[in-house]
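Start counting the sequence shown at 3; every next residue gets the next number (my numbering). One structure is given here, and the rest of the page talks about it.
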Amino acid sequence: MISELCAPSTRAGWGQTLPAEQTYYGKLISPATRFGQDSQGCIKNSVSHTSDVPLVDRGGCSFLKKAQNAQEAGAKAVIVRGTRKATYESIIKTYSQGRVKNSVAFGFLNRPHFEYDCTRGESNVTTIKDPIWDTDDSYCSQIPSCHSKMCIPTGVIDTSDGGIPKYQLCCLWDTHILIGANDTLAKNISIPVAYVTIEEGIRLEKAAVAEPRVYLLQRPHQLANWSSIVLWLIGVLTAVGASFYSLSRENRRYIAPENIELDEIEDSHLLQHDQYEYLAQDVQEVDGASAVGFVICAGSFLMLLYYFDIGRLFPIIFGLSAMGSLYSVICMPLLHLLLPYLSTWRCNISSIFRHFVVTVGLLEVLGVLGSATITFLWYLYRNQCWYLQNILGIVLCCSFLKNIEIPNLRVATILLSLAFVYDIFFVFISPFIFGSSVMERVATGGAPANTRIDYPGIDYCERYPHYAPCKDPQPLPMLLLIPQFDWRGGFTMLGLGDIIVPGLLISLGLRFDCCLAKSKYFLLSGKLRQIPGETKVYASLLTKPAAAQNRWQVQYYITASIAFAVGLGMANTAVSFSGLGQPALMYLVPCTLGATILRAWMNNELKLFWSEFKHDMKADVQDDIRETTLSP
3 MISELCAPST RAGWGQTLPA EQTYYGKLIS PATRFGQDSQ GCIKNSVSHT
53 SDVPLVDRGG CSFLKKAQNA QEAGAKAVIV RGTRKATYES IIKTYSQGRV
103 KNSVAFGFLN RPHFEYDCTR GESNVTTIKD PIWDTDDSYC SQIPSCHSKM
153 CIPTGVIDTS DGGIPKYQLC CLWDTHILIG ANDTLAKNIS IPVAYVTIEE
203 GIRLEKAAVA EPRVYLLQRP HQLANWSSIV LWLIGVLTAV GASFYSLSRE
253 NRRYIAPENI ELDEIEDSHL LQHDQYEYLA QDVQEVDGAS AVGFVICAGS
303 FLMLLYYFDI GRLFPIIFGL SAMGSLYSVI CMPLLHLLLP YLSTWRCNIS
353 SIFRHFVVTV GLLEVLGVLG SATITFLWYL YRNQCWYLQN ILGIVLCCSF
403 LKNIEIPNLR VATILLSLAF VYDIFFVFIS PFIFGSSVME RVATGGAPAN
453 TRIDYPGIDY CERYPHYAPC KDPQPLPMLL LIPQFDWRGG FTMLGLGDII
503 VPGLLISLGL RFDCCLAKSK YFLLSGKLRQ IPGETKVYAS LLTKPAAAQN
553 RWQVQYYITA SIAFAVGLGM ANTAVSFSGL GQPALMYLVP CTLGATILRA
603 WMNNELKLFW SEFKHDMKAD VQDDIRETTL SP
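This is how it looks when you write it as structure tokens:
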């Protein structure tokens with residue numbers, strides 16, 4: 003028993019679909035035993051058993067004619083195999099026989115030959131066999147690049163030397179082909195039709211002698227889309243990790259009670275100032291107007307990319323941005339960890355101006371060189387190095403959430419609600435206005451190759467994937483990519499915006515948790531804290547209600563993180579069931595924003611969270627100390 007792959011006619015849109023499970027179709031009847039001289043199945047033949055599955059040679063008539071004859075004869079299925087004869091006849095029919103090198107006729111083709119590829123192996127012989135298509139050269143079987151290990155005459159005769167003519171042999175393509183047919187005439191075909199290669203056909207004919215039973219089934223797909231699961235995990239870890247990374251190191255102490263003491267809190271300047279102190283001083287806040295402007299600019303830029311082909315500039319912009327993020331997020335922290343003794347070393351870099359010298363740290367120089375090298379490698383091999391693109395995308399998310407923040411839940415609601423509408427409009431509504439999905443068109447880099455007029459066919463592009471009309475446009479680098487883990491190929495994608503926008507809310511929840519934790523630690527110090535607009539002032543931990551004492555330190559952060567994981571999982575599930583791209587924010591925004599608002603409402607903190615909480619919860623110890631005792 004042997005197992006062979008095949009190309010079913012259903013790939014071309016006709017014939018019966020192969021069964022999902024292994025199904026017995028009958029005995030395999032080889033050309034030698036059943037059809038005699040009609041090995042191509044072009045003449046109607048009667049069969050004694052309706053369970054026969056004829057194996058016929060390619061050529062002589064159309065694939066549809068072979069299927070009609072087999073069906074009328076009572077066959078349950080028909081298998082067409084490639085042959086050297088059919089390949090040679092196709093060469094002569096397409097390119098004309100007797101072409102001579104250096105002649106005008108030799109250069110009329112504008113694309114690589116479908117039947118053979120001389121770049122994978124070429125030989126010249128002075129003698130040919132009869133029939134001519136059996137002519138081969140043992141040299142071809144020794145060429146690693148010639149996967150079929152066979153060469154075939156191309157019809158080209160070299161007479162440039164003026165002596166004995168040399169017949170050109172080139173590496174024969176032996177892959178599956180698309181068996182097309184007239185859609186109208188093919189409607190009456192109710193049996194499966196499949197194509198196998200020359201090599202597979204030879205093995206099937208040998209197997210028909212010993213065990214001629216034929217089972218057909220579809221090539222199985224994976225039950226679970228593992229690439230989607232891996233991408234879901236990466237997306238969740240990126241959003242959660244980048245949000246935590248955005249919190250300053252000083253503020254992280256307040257949500258890790260085992261790492262801080264009360265006397266440290268009393269000495270901390272954070273208890274005596276009106277605002278947070280961040281390690282990074284260039285943090286930008288997004289207010290309501292900025293949130294609206296951000297979404298408008300994003301939509302305008304998306305339309306610009308849709309109408310104008312500026313995708314070639316985008317990798318450069320992405321690379322420069324990612325290089326700076328890589329420097330600050332990975333390279334410098336890693337160098338300080340591994341080479342701390344170099345932190346005091348300095349380098350003098352002469353400028354082009356006279357008597358002007360720039361002094362920089364050695365670690366900074368190494369960090370710039372490291373980040374620039376990685377980014378340059380990604381740019382050179384960006385079509386293959388999807389893992390480098392993922393690394394750059396993740397550090398961009400970390401850098402963005404580190405430097406951009408939302409001040410309160412009100413602004414978060416404005417931004418996420420607009421992003422929700424933005425995503426749905428450009429994915430689902432834009433096709434009715436612009437003729438295609440703007441988001442999908444821009445994200446994937448343009449229309450797929452198989453939708454273009456010059457697309458030569460899936461079988462041709464399988465042989466020449468780098469031929470220009472076969473190439474799909476490169477997607478914009480603002481994506482996380484994971485290749486599909488099965489034979490169908492392709493990529494699973496997640497936009498960086500689908501991580502950053504909900505990540506701003508997760509980061510906001512973490513800062514609110516930190517703000518509440520500061521208040522709790524202030525109480526533990528024994529000092530009083532006045533919260534403007536509230537009537538209760540907690541004088542100590544003993545006077546604070548037990549529920550407030552034992553509350554989860556990072557509950558908003560965890561709530562938003564879990565909601566993000568659920569929303570992204572819902573988006574991936576929708577893609578798996580529908581087979582269509584989905585606007586991830588359509589699932590992420592209701593989950594994350596809804597869960598955060600619900601948590602704040604349950605904790606009676608919605609009003610505080612909605613406002614400028616980091617100012618409303620400030621400690622004015624000098625002016626507002628009151629001796630107050632409240633019963634629990």
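Heads up, the beta-carbon is just placed ideally off N, CA and C, and yes, glycines get one too.
Looking at the DSSP output, P479 shares a beta bridge with no other residue. Shown here, D119 sits in a strand according to DSSP, grouped into three states. F493 is bridged by DSSP to P485. Cβ contact annotation for I426 (same chain, cutoff 7 Å, sequence separation greater than five): P585, M588, in chain order. In summary, E287 is exposed, with fewer than 16 beta-carbon neighbours lying within 10 Å of its beta-carbon over all protein chains present. Within the region 353 to 414, the complete alpha helix (DSSP H) segments of 4 residues or longer fall at 364 to 382, 388 to 405, listed in chain order. Within 10 angstroms of the beta-carbon of S5 lie fewer than 16 other beta-carbons, which makes it exposed. Remark: C-beta atoms of Y381 and G321 approach each other more closely than 7 Å.
Beta-bridge analysis with DSSP links G28 to V216.
Beta bridge pairing from DSSP links E6 with no other residue.
Per DSSP, D59 is one residue of the beta strand (DSSP E) stretching across 55 to 59.
Judged by DSSP in its simplified three-state form, R314 adopts coil rather than helix or strand. Taking I501 as the centre and dropping the five residues before and after it, the same chain places the C-beta of G237, T240, A241, C399 closer than 7 Å to its C-beta, in chain order. A distance below 8 Å between beta-carbons, with the five flanking residues on each side excluded, links L481 to the following residues of its chain, in chain order: Q391, G395, A445, M495, L496, G497, L498. A contact between stretches requires three or more CB pairs, one per stretch, nearer than 8 Å, and the region 114 to 123 meets this requirement with the region 158 to 177. Our two residues, K404 and S327, have alpha carbons roughly 10 Å apart in a direct line.
For a cut-off of 8 Å, the C-beta gap from Y27 to Y217 is around 7 Å, short enough to register as a contact. Contact check for C349 against V370 fails: the beta carbons are separated by 7 Å or more. Ranked by how close their Cα comes to the Cα of D456, the residues M441, R443, Q224, C472 have C472 in first place. Annotation for V556: no alpha helix (DSSP H) segment contains it, and DSSP assigns it neither H nor E. Judged by pairs of C-beta atoms under 8 Å, the region 150 to 169 touches the region 123 to 139, as three or more such pairs exist. V568 has its alpha-carbon roughly 19 Å from the corresponding atom of A602.
Proximity to N606 across L518, V429, E207, C593 peaks at L518, based on C-alpha coordinates. DSSP places I81 outside any alpha helix (DSSP H); the residue lies instead in the beta strand (DSSP E), whose first and last residues are 80 to 83. Between I376 and L506, the C-beta spacing is not below 7 Å.
Sorting N184, S125, S292, A212 by C-alpha distance to the C-alpha of L171 places S125 at the top. Look at R454 here: in three-state DSSP terms it is coil, with no helix or strand label.
Within the region 425 to 470, the complete alpha helix (DSSP H) segments of 4 residues or longer fall at 432 to 436, 440 to 446, 460 to 465, listed in chain order. For Q42, the three-state secondary structure derived from DSSP is coil. Rounded to the nearest whole angstrom, the CA to CA distance from A75 to L219 is 23 Å. Distances from the CA of P485 to each of I416, S330, W228 were compared; the closest alpha carbon is that of W228. A straight line joining the alpha-carbon of K95 with that of G61 spans about 12 Å. Of the residues assessed, T19 falls on the exposed side of the cut-off, its CB having fewer than 16 other CB atoms within 10 angstroms. The beta carbon of A300 lies closer than 7 Å to those of Y424 in the same chain, with the five residues before and after it left out.
For A72, the uninterrupted alpha helix (DSSP H) segment begins and ends at 65 to 74. By the beta-carbon neighbour count (other beta carbons within 10 angstroms, threshold 16), P504 is buried.
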